[in-house]
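Engineer:
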Amino acid sequence: MKSMDLALEPRSLRDAMEMASLAKIMGYRLVAIENSDPQRAREYARVFTEEGIEALTRVTIEADSWGKTVNILKRIALNFDLVAVKPKSAEAVRLAARDPRVGLVVLSPGMARYMDKSQAAMLREGGAAVELRFLPLLHGGDPRAGLRGTMIIARRAAAYEAPLVVTSGARTKWEMWHPRTVHAMLVAFGLPENIAKLAITGYPAAIVNTKARHPSPGGEAV
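For the sequence shown, this note's numbering begins at 178 and goes up steadily by one.
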């Protein structure tokens with residue numbers, strides 16, 4: 178199965194080139210490039226494609242009121258291959274999981290309480306996955322709180338059988354994670370080996386196949 182990182186956010190063309198080169202060395206076969214400008218996202222994605230890595234474009238929408246979020250989805254979703262939602266309320270967490278346009282629901286370490294049985298059921302119903310980014314582990318705040326929240330989300334997702342996609346959220350090559358390191362971290366959190374592997378291979382592949390506007394040839398990402 179391919180290792181994937183569905184959240185890379187290079188800040189410049191130079192960053193994209195450095196990250197693409199490193200992603201190839203690390204063994205990533207598919208990535209998603211985050212940028213609010215679809216043209217720039219496509220430009221950076223081409224850099225990865227030139228390195229032999231399949232690349233999609235993605236956008237993350239921050240959601241307070243779901244009514245406003247729906248209008249934003251209608252307006253911009255068609256400009257990107259993959260749409261993620263970063264909810265800021267309980268309502269947004271629940272409804273994002275069930276919206277057919279949403280592939281990933283981003284939960285920050287402080288939102289661990291929202292990863293429960295109900296949320297897991299809604300994710301399965303809507304075909305989306307919970308996204309857990311490792312970037313907060315590198316920057317800002319109390320590192321112990323960030324680590325604890327990240328670990329709780331991962332454990333609860335596994336316990337409630339919710340699709341879990343782990344991403345780096347990297348903006349430069351220095352923030353990228355080797356897939357083996359991600360796997361080892363998840364196992365250290367207490368996840369079974371197979372679930373840890375699925376978080377960077379099978380689950381992101383399923384999201385690409387079912388939610389991305391431009392899946393890989395033949396509809397297969399694995």
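We treat Cβ as the ideally placed atom computed from N, Cα and C, and that holds for glycine.
Small disclaimer: the values here were computed from a predicted structure and weren't measured.
#1: Could you tell me how far apart the beta carbons of residue 207 and residue 228 are, in whole angstroms, since I believe they sit closer than 8 Å?
#2: Ignore the nearest five residues each way along the sequence and tell me which others in residue 387's own chain have a CB closer than 6 Å to its CB.
#3: Hey, residue 366 and residue 332: beta-carbon distance below 8 Å or not?
#4: For the beta strand (DSSP E) that residue 205 lies in, which residues bound it at each end?
#5: Grab me the residues of residue 243's own chain with a C-beta within less than 6 Å of its C-beta, minus the 5 sequence neighbours each way, in chain order.
#6: Cα separation between residue 309 and residue 216?
#7: On a Cα-Cα basis, can you pick out the residue from 221, 239, 241 and 240 that is closest to residue 233?
#8: At what residues does the alpha helix (DSSP H) containing residue 259 begin and finish?
#9: What is the rounded straight-line gap between the Cα of residue 345 and the Cα of residue 352?
#10: Going by the beta-carbon positions, is the gap between residue 324 and residue 380 smaller than 8 Å?
#11: Could you please give the first and the last residue of the uninterrupted beta strand (DSSP E) stretch that includes residue 239?
#12: Rounding to the nearest angstrom, what Cα-Cα distance links residue 265 and residue 326 in this structure?
#13: Just how far apart, CA to CA, sit residue 339 and residue 302?
#14: Taking the alpha carbon of residue 334 as the reference point, which residue from 259, 289 and 319 has its own alpha carbon closest?
#15: How many angstroms separate the CA atom of residue 284 from the CA atom of residue 275?
#16: Three-state secondary structure (DSSP) at residue 345?
#17: Excluding sequence positions up to five away, which residues of its chain have a Cβ less than 7 Å from the Cβ of residue 287?
#18: Using DSSP with H/G/I as helix, E/B as strand and the rest coil, what is residue 368?
#19: If I follow the unbroken beta strand (DSSP E) through residue 308, where does it start and stop?
#20: Less than 8 Å separating the beta-carbons of residue 235 and residue 209?
#21: Going by DSSP in three states, residue 184 sits in which element: helix, strand or coil?
#22: Which of helix, strand or coil does DSSP assign to residue 284?
#23: Which residues bound the alpha helix (DSSP H) around residue 390?
Structural biologist: Reading off the structure:
#1: Incorrect: roughly 12 Å between the Cβ atoms, too far for contact.
#2: Short of 6 Å from the beta carbon of residue 387, and not among the five residues preceding or following it, lie these beta carbons of its own chain, in chain order: 304.
#3: Yes, Cβ-Cβ distance for residue 366 and residue 332 is below 8 Å.
#4: Counted as a single uninterrupted DSSP element, the beta strand (DSSP E) harbouring residue 205 occupies residues 205–211.
#5: Cβ neighbours of residue 243 beyond the five flanking positions: 268, 269 and 272.
#6: Note on geometry: alpha-carbon atoms of residue 309 and residue 216 lie some 26 Å from one another.
#7: Of the candidates 221, 239, 241 and 240, the one whose C-alpha sits nearest the C-alpha of residue 233 is 221.
#8: Here residue 259 belongs to no alpha helix (DSSP H); instead the beta strand (DSSP E) covers 259–264.
#9: A direct Cα-Cα distance of roughly 7 Å separates residue 345 from residue 352.
#10: No.
#11: Its beta strand (DSSP E) spans residues 231–240.
#12: Cα-Cα distance, rounded: 16 Å.
#13: Looking at the two C-alpha atoms, the distance is approximately 10 Å.
#14: For the residues 259, 289 and 319, the minimum Cα distance to residue 334 belongs to 289.
#15: In a straight line, the C-alpha of residue 284 is about 15 Å away from that of residue 275.
#16: Note: residue 345 maps to coil in three-state DSSP.
#17: Excluding positions up to five away in sequence, the list reads 326.
#18: In this structure, residue 368 counts as coil in the three-state DSSP scheme.
#19: Counting along the chain, the beta strand (DSSP E) containing residue 308 begins and ends at 306–310.
#20: Between residue 235 and residue 209, the CB-CB gap stays under 8 Å.
#21: Residue 184: strand per DSSP, three-state reduction.
#22: The DSSP-derived three-state label of residue 284 is coil.
#23: No alpha helix (DSSP H) holds residue 390; DSSP gives it neither H nor E.
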